[in-house]
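First comes the structure, then the notes that go with it.
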Amino acid sequence: MKIQALFLMVLLLPACSILDTRVPEDIIAERAQARLDTLRARDFEASYQYTTPGYRSTENVGQYGTRYSGSSMWTGAQVVRVECEDIEPPQYCKAVVRIDFKAPQFGYSHTHTFEDWVWIGGDWYLYQNLSN
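Okay, so the sequence shown: first residue is 2 according to the numbering used here, each after it adds one.
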């Protein structure tokens with residue numbers, strides 16, 4: 002019985018990685034948008050899960066939330082486009098994000114930010130530069 006279970010796991014494990022046949026740009030656009038949605042909802046714990054394991058070993062969710070305390074002024078956040086490096090398979094991609102916001106005394110406006118996404122251990126994560 003154990004041998005059969007092991008054999009089945011060996012057969013099915015590679016299937017996990019081939020189930021998602023989308024291009025990296027589409028996967029990152031989805032993950033980046035989901036992260037933005039969690040920030041707008043002020044769910045920093047959920048948003049924090051999109052950061053690299055290295056970042057999570059350095060800063061806790063409270064510190065992460067402090068970085069995004071201004072997200073309470075956002076009226077919208079949308080991934081505009083994702084561009085990946087020109088190697089196959091890509092290990093690094095950049096997402097362009099439009100942030101709409103209402104600033105006190107200035108009214109409605111928008112800005113664009115750039116997010117770096119890296120491939121680590123079978124998934125895409127937001128790279129947080131701690132020197133900024």
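Glycine included, C-beta positions come from ideal geometry on N, C-alpha and C.
- Under the three-pair Cβ rule at 8 Å, the stretch 87-100 does not count as touching the stretch 51-65.
- For Ile-121, the closest alpha carbon among the candidates Ala-104, Arg-23, Ile-29, Thr-22 is that of Ile-29.
- When secondary structure is reduced to three states using DSSP, Tyr-128 falls in the strand class.
- The criterion of a C-beta distance shorter than 8 Å is not satisfied by Tyr-51 and Arg-41.
- Thr-53: not part of any beta strand (DSSP E); DSSP gives it neither H nor E.
- Glu-84 has Lys-95 as its beta-bridge partners, per DSSP.
- By the CB criterion at 8 Å, Thr-39 and Ala-33 fall outside the cutoff.
- In the three-state reduction of the DSSP assignment, Asp-117 falls in the strand class, which pools E and B.
- A residue is called buried once 16 or more other Cβ atoms fall within 10 Å of its Cβ, and Ser-73, having fewer, is exposed.
- One thing to note: Lys-103 has its Cβ no nearer than 8 Å to the Cβ of Asp-117.
- Residue nearest to Val-81 within the set Gly-71, Thr-59, Asp-21, Glu-31 is Glu-31 (criterion: CA-CA distance).
- The C-alpha of Val-97 lies about 20 Å from the C-alpha of Ser-70.
- Beyond the five residues adjoining it in sequence on each side, Tyr-56 comes within less than 6 Å, by CB distance, of Gln-129 in the same chain, given in chain order.
- As the crow flies, the alpha-carbon of Ser-58 is around 11 Å from that of Tyr-49.
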